[in-house]
Amino acid sequence: MTTEEIQAMDKAAVGQILKKNPGVILEGLAKSSGFSMAELIELLPEEMWQKTEGEHFVEIMQAIAMMGKITFVMHTADVVLEFSGTLPTGEVGHGFYNLSYQSPLHGHLRASNCQSIYLVERPFMNKQTISVQFMNEAGDAMFKIFAGRDDNGEHMPEQLDALRSLFDRALAGATA
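So for the sequence shown, the working numbering puts the first residue at 3; every next one is plus one.
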C-alpha cells in the first residue's frame, strides 16, 4: 500500500467519524488525527460549511461587529477562552486589524495571516451552532466567532440570515 493510499484511507476514516458525529470537538480530533482544522471542516458533510478566502477578513469582521451579541472563542492546547458580547469595531493599521479599545474585548489581529474563513453550521453539545472560523496558512484556527443566542438560548434568526448573506456576498466576490 502506498503512502497516498494510507493517507486517503485515513482521510476516509476521519470523514466517516465526522459523518457519524459532526459535533465532535474538532481541535481534539485535529490533534489525534494529524489533520488541520481546515482539513477537518472540509471533511464535514458539505452542507455544513462554506469557505471563502482570507482576503475577506476585514469585510467579515466589520460586518460581524454590526450584528449584535456573539461569542468569540480562542481554543489552544491549554486554554479555551470565550468572550460573549458585541464584537468591537476595528480598523487596519501597523500590520494588524486593531479592535477598538472602547470594548472589554480589544487587541490586535494579524489579518494578513488569515488564509481562509469558514461558515460552519453543525451540531455541538446537543445544540445547533453557526460559527465563522478564521484559519491561518497552516490550516489552524486563529479564532472562531459563534452566532449569539437570545435569553432562551435560541439563535436570533436575523443574525443567522446576516451571516449566511455575508458569506454569499463574499463567495460571489461582492463587498459589503
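Each residue gets a CB set at the ideal place from its N, CA and C atoms; glycine is no exception. What you are looking at is a predicted structure, and each value in this text was computed from that prediction instead of being measured.
- Nearest-angstrom Cα distance between Lys22 and Lys129? The straight-line gap from Cα to Cα measures roughly 16 Å.
- Spell out the partners DSSP gives Thr88 in its beta bridges. Note: Thr88 sits in a beta bridge opposite Lys71.
- Task: Return yes when the Cβ of Lys146 is within less than 8 Å of the Cβ of Val60, no when it is not.
- Result: In this structure, Lys146 does not lie closer than 8 Å to Val60 by Cβ.
- Message: Pull the bridge partners of Gly95 from the DSSP assignment, please.
- Response: Answer is Phe98, bridged to Gly95.
- Message: Using only the alpha-carbon positions, how far apart do Asn138 and Ile72 sit?
- Response: Between the alpha carbons of Asn138 and Ile72 lies a distance of about 21 Å.
- Message: Let's test the definition: count the other Cβ atoms within 10 Å of the Cβ of Ala178 and tell me whether it reaches 16, buried, or not, exposed.
- Response: In this predicted model, Ala178 has a pLDDT of only 45, less than 50, meaning its place in the structure is not dependable; the value taken from the coordinates is given anyway. Counting C-beta atoms within 10 angstroms of its own C-beta, Ala178 has fewer than 16 neighbours from the protein chains shown and is therefore classed as exposed.
- Query: What's the C-alpha gap between Leu83 and Gly175?
  - Reply: Cα to Cα, Leu83 sits roughly 32 Å from Gly175.
- The beta strand (DSSP E) spanning Leu121 covers which residue range? In the DSSP assignment, Leu121 falls within the unbroken beta strand (DSSP E) covering 116-126.
- Task: Would you mind reading off the limits of the alpha helix (DSSP H) that contains Ile27?
- Result: Neither: Ile27 is in no alpha helix (DSSP H) and is coded neither H nor E.
- Would DSSP call His58 helix, strand or coil? DSSP places His58 in the helix class (H, G or I) of the three-state scheme.
- Query: In this structure, what does DSSP give as the bridge partners for Ala16?
  - Reply: It is worth fixing the name first, because residue 16 is Val in this sequence and not Ala. Answer by DSSP bridge pairing: none, since Val16 is not bridged.
- Message: Buried or exposed for Ser118, going by 16 or more other Cβ atoms inside 10 Å?
- Response: The residue is buried, with at least 16 neighbouring Cβ atoms inside 10 Å.
- What residue does the alpha helix (DSSP H) around Leu165 start on, and which one ends it? First-last of the alpha helix (DSSP H) with Leu165: 159-174.
- From this set, Ile132, Asn115, Asp142, which residue's C-alpha is nearest Glu57's C-alpha? Measuring from the Cα of Glu57, the nearest candidate turns out to be Asn115.
- Task: Report the partner residues of Val181 according to the DSSP bridge assignment.
- Result: There is no way to answer for residue 181, as the model of the chain reaches only from 3 to 178.
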